[in-house]
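See structure below.
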Amino acid sequence: MDGANHPGVSEFLCLNLCFGLIHSWEIQLLLLVFSCVLYVASMTGNILIVFSVTIDPHLHSPIYFLLASLSFTDLGAFSATSPKMIYDLFRKRKVISFGGCIAQVFFIHVISGVEMVLLIAMAFDRYVAICKPLHYLTIMSPRMCILFLAAAWALGIIHSLFQLAFIVNLSFCGPNVLGSFYCDLPRLLRLACTDTYRLQFMGTVNSGFLCVGSFFILLISYIFILFTVWKHSSGGSSKALSTLSAHITVVFFFFGPTMFVYTWPHPSSRMDKFLALSDAVLTPFLNPVIYAFRNKDMKAAMKRVWRQLVIYRRIS
């Protein structure tokens, strides 16, 4: 990835978070405050979930292990794009180096691949808990949870390396204006000097197939679970449906923008830019809100951990 591959470009210009529609300094300041609050709240919520599951013995179960893994991944999702986005709100010229752009592409796709597998693992966990409750602890053993986590990171890294393989030998000689506030493969391919129609198609197939395939696996599994709950309707069905509704909400928030970005035939549309913002900023924030604050056990554990942290801080 030396200078010969991109002789005319050493940096890329990022799009303003306002998408070029708003130039008022007051609005920029409001966006800065909003972004900082959202970033701090998301980081705090996800860190608290990870600590609660790690420390509290009441949460040492497969579903909470997977939830903590998802929250840890969301920390990376927010950190891959949000700090640079917030920093750019201070600057008139919003640029990112070529190396920084490649790093963003790598980490975004690693995290996306990991989250897809974790969401499938959580759906499988709910399927076993609802459809095969007597065999739950046997099937969802600690070994199975570790295998899910290892598979998630392996798939994420392999998927991301495939994405980088599409870029490594391209030449970038201008223009260098990205269509978003962060780097991603489709936007970089459109800036290359050479004809990249084949690479764009391969990139769409790679990301689109992974995303759409994972979404349909989840959709089919949730339909099967809902059918089982309906067929064996009992007093516990409402609790099961409440748990499933949280999972389904997260799935649609995650896959909706991602599928649009990688499968829509007109990726330069304004809707694509707003969905990119949702995928990079809102989804990692909503995951702890949807999962943690609708779960009594999680809320109780987070309160206990928070009290322990406050007591420890006073003692120290």
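The sequence shown begins at 177 in my numbering and counts up one residue at a time. Backbone N, C-alpha and C define an ideal beta-carbon position, used for all residues, glycine too.
- According to the DSSP assignment, I272 belongs to the beta strand (DSSP E) that extends over 271-273.
- The stretch 242-250 makes contact with the stretch 210-230: 3 or more CB pairs, one atom from each, lie closer than 8 Å.
- By the neighbour-count criterion, in which 16 or more other beta carbons inside 10 Å mark a residue as buried, V353 falls on the exposed side.
- Counting other Cβ atoms within 10 Å of its Cβ, R363 reaches 16 or more and is therefore classed as buried.
- Secondary structure of F348 (DSSP, three-state): coil.
- Residue pairing by DSSP places F188 opposite I272 in a beta bridge.
- Taking every protein chain shown into account, the CB of Q339 has 16 or more other CB atoms within 10 angstroms, so this residue is buried.
- For A328, the closest alpha carbon among the candidates F348, I306, F342, V286 is that of V286.
- Close CB contacts of M478 within its chain, under the 8 Å cut and outside five residues either way in sequence, are with L224, I225, S228, A468 (chain order).
- Rounded to the nearest whole angstrom, the C-alpha separation of S237 and W406 is 26 Å.
- DSSP places L323 in the uninterrupted alpha helix (DSSP H) bounded by 318-341.
- Taking 8 Å as the upper bound for CB-CB distance, V293 and L331 are in contact here, some 6 Å apart.
- Relative to S356, the option among M261, I487, I334, I396 whose CA is nearest is M261.
- In terms of Cβ geometry, C307 and I401 form a close pair [threshold 8 Å].
- In the DSSP annotation of this structure, the continuous segment of the alpha helix (DSSP H) that includes A253 starts and ends at 238-264.
- Between D232 and V481, the C-beta gap is smaller than 8 Å, which places the two residues in contact.
- Beta-bridge partners of V226 (DSSP): none assigned.
- P309 and V290 have their C-alpha atoms some 27 Å from each other.
- Annotation for P362: the continuous alpha helix (DSSP H) segment containing it runs 361-367.
- Ranked by Cα distance from H335, the options I284, H234, F428 are led by I284.
- Comparing C-alpha distances from K475 to each of G275, L265, L235 shows the shortest one belongs to L235.
- Close CB contacts of A299 within its chain, under the 6 Å cut and outside five residues either way in sequence, are with L394, S397 (chain order).
- For F254, the closest C-alpha among the options G275, S288, F274 is that of S288.
- Residue environment: S317 is assigned as exposed (fewer than 16 neighbouring CB atoms within 10 Å of its CB, all protein chains considered).
- Taking C-alpha positions only, F391 is separated from I296 by approximately 9 Å.
- DSSP lists L189 as the bridge partner or partners of V353.
- Apart from the 5 residues on each side of it in sequence, V216 has no Cβ closer than 7 Å to any other Cβ in its chain.
- Assigned with DSSP and collapsed to three states, K308 falls in coil, not helix or strand.
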